[in-house]
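Undergrad:
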């Protein structure tokens with residue numbers, strides 16, 4: 001695989017094309033990786049499409065929790081489609097060339113969908129908190145209008161902030177190497193190629209990562225802490241076990257998603273190799289999206305009953 005284009009002799013000439021290295025450093029695993037990622041992508045598409053379908057057509061699933069799940073599943077499909085098809089194409093063709101504009105667009109959409117997902121997961125945790133800890137106020141607190149506003153707020157916040165962040169990063173000058181040691185245009189490997197002082201840009205990345213990763217994560221942990229506290233008051237041992245099982249699986253996926261993303265965006269890059277960065281990135285770009293349909297929906301009895309009715 002070609003890993004470099006001819007560098008311009010003059011540093012005043014900016015780069016118009018990048019080369020994504022991807023997994024070309026593992027030539028013996030190319031087809032295994034292609035098959036694995038392709039199957040995972042199909043699982044993500046199928047699982048989330050089923051959830052969108054049943055939450056849309058089944059009248060018994062017309063409550064806030066399933067409204068959020070349907071939106072979350074749609075967001076997951078968008079999120080993985082930004083990166084996986086391009087990665088599969090690069091593995092298949094053994095070429096990773098991507099234009100400057102396409103790289104900027106890919107980063108922008110990835111950040112929008114990723115940032116919106118972080119906020120929507122927080123909304124879903126809040127929904128469960130109100131439902132379990134304040135059940136009498138739940139119909140009023142989470143009425144249809146509020147649900148739509150929460151989802152719209154998540155999308156609008158993600159779009160406005162991440163478009164600004166992408167514009168800031170790609171307003172930098174890129175000269176010299178055009179090789180991105182990653183499988184898509186993510187912030188850390190792209191910003192390393194910029195010329196000049198990038199301290200301000202890195203500070204903005206840390207601030208926004210804290211806003212979209214750490215603050216939502218802390219809110220989710222607090223919400224589930226209060227949920228677990230209420231679960232302990234249940235008289236039924238079977239009810240406690242079921243509730244703990246649900247909460248523990250949700251928290252496992254949340255920790256995996258937010259934890260690996262935080263490592264990638266908040267940990268100083270001198271503390272991790274580029275290979276480790278790609279491996280960590282696979283967790284929040286592919287693995288957790290594949291687990292989410294099972295953890296959040298397909299283990300749910302109401303969802304399975306609705307699926308059987310549909311079939």
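Residue numbers (full-length UniProt numbering): 1 to 311. Positions of the beta carbon are idealized from the N, C-alpha and C atoms, including for glycine.
#1: Report yes if the C-beta distance between residue 113 and residue 160 is below 8 Å; otherwise report no.
#2: Between the Cα of residue 93 and those of 307, 34, 171, spot the shortest distance and give me the residue it belongs to.
#3: Are the stretch 249-267 and the stretch 288-296 touching, with three or more C-beta to C-beta distances below 8 Å?
#4: Since residue 253 and residue 292 are thought to touch, with beta carbons under 8 Å apart, how far apart are those beta carbons, to the nearest angstrom?
#5: Mind reading off the beta-carbon distance from residue 48 to residue 151? Whole number of angstroms is fine, and I expect it under 8 Å.
#6: Which class does residue 97 belong to by DSSP, given the choice of helix, strand or coil?
#7: Specify, as a first and last residue, the run of the alpha helix (DSSP H) that residue 37 falls within.
#8: Checking the sheet assignment: what are the DSSP bridge partners for residue 17?
#9: Give the DSSP-derived three-state secondary structure of residue 212 in the structure shown.
#10: Out of curiosity, what's the CA-to-CA distance linking residue 138 and residue 215?
#11: So for residue 271, helix, strand or coil by DSSP?
#12: Please go through the same chain and pick out, in chain order, the residues whose beta-carbon is closer than 7 Å to the beta-carbon of residue 264, but skip the five residues on each side of it.
#13: Would residue 154 pass as a contact of residue 101 if the rule is Cβ separation under 8 Å?
#14: Exposed or buried, which one is residue 149 when buried takes at least 16 other CB atoms within 10 Å?
#15: Anyone know if the C-beta pair for residue 217 and residue 147 falls short of 8 Å?
#16: Going residue by residue through the stretch 104-164, where are the continuous alpha helix (DSSP H) segments of at least 4 residues, counting only ones entirely within it?
#17: Give the DSSP-derived three-state secondary structure of residue 180 in the structure shown.
#18: Within its chain, find whatever has a CB closer than 8 Å to the CB of residue 310; leave out the 5 residues flanking it on each side and keep chain order.
#19: Expressed to the nearest angstrom, what Euclidean distance is found between the alpha-carbon atoms of residue 6 and residue 175?
#20: At what residues does the alpha helix (DSSP H) containing residue 284 begin and finish?
#21: Looking at C-beta atoms only, is the number of pairs between the stretch 17-35 and the stretch 80-91 that lie closer than 8 Å three or more?
#22: Rounded to the nearest angstrom, what separates residue 133 and residue 300 at their Cα positions?
#23: Consult DSSP for residue 256 and reduce its assignment to one of helix, strand or coil.
#24: Looking at the strands, I want to know which residues DSSP matches up with residue 194.
#25: Is the CB-CB distance between residue 206 and residue 267 below 8 Å?
#26: Measure the Cβ-Cβ separation of residue 185 and residue 103 and say whether it is below 8 Å.
#27: How many angstroms separate the CA atom of residue 296 from the CA atom of residue 228?
TA: In short, the structure shows the following:
#1: Cβ atoms of residue 113 and residue 160: not closer than 8 Å.
#2: For residue 93, the nearest C-alpha among the options comes from 34.
#3: The stretch 249-267 and the stretch 288-296 touch, with no fewer than 3 CB-CB distances between them shorter than 8 Å.
#4: The Cβ separation is near 6 Å, so the contact holds.
#5: So it is not a contact: roughly 16 Å between Cβ atoms.
#6: Residue state, collapsed to three classes: strand.
#7: Taken as a continuous stretch (DSSP letters only), the alpha helix (DSSP H) holding residue 37 covers 30-57.
#8: The partner list for residue 17 (beta bridge, DSSP) reads 99.
#9: If DSSP states are grouped into helix, strand and coil, residue 212 belongs with the helices.
#10: Using only the alpha carbons, I get a separation of about 24 Å.
#11: Because the pLDDT at residue 271 is just 49, under 50, the model does not fix this residue reliably, and the value given afterwards should be weighed accordingly. Correct three-state label for residue 271: helix.
#12: Closer than 7 Å at Cβ, skipping near neighbours: 188, 277, 280, 281.
#13: With respect to residue 101, residue 154 sits apart: the two C-beta atoms are not nearer than 8 Å.
#14: Here residue 149 is exposed: its Cβ has fewer than 16 other Cβ atoms, across all protein chains shown, within 10 Å.
#15: In this structure, residue 147 does not lie closer than 8 Å to residue 217 by Cβ.
#16: The qualifying runs are 138-141.
#17: It is a strand residue.
#18: Cβ neighbours of residue 310 beyond the five flanking positions: 53, 54, 57, 58.
#19: Only weak support is given to the placement of residue 6: the predicted model assigns it a pLDDT of 40, under 50, and the value that follows is read from those uncertain coordinates. Each residue's CA atom was taken as its position, placing residue 6 and residue 175 some 12 Å apart.
#20: For residue 284, there is no enclosing alpha helix (DSSP H), as DSSP marks it with neither H nor E.
#21: With a cut-off of 8 Å, the stretch 80-91 and the stretch 17-35 count as touching, because enough Cβ pairs lie within range.
#22: Rounded to whole angstroms, residue 133 to residue 300 spans 20 Å at the Cα level.
#23: Note: residue 256 maps to helix in three-state DSSP.
#24: Note: residue 194 sits in a beta bridge opposite 174.
#25: In this structure, residue 206 sits away from residue 267, with a CB-CB distance that is not shorter than 8 Å.
#26: Yes, they are a contact pair.
#27: Computed Cα separation, rounded: 17 Å.
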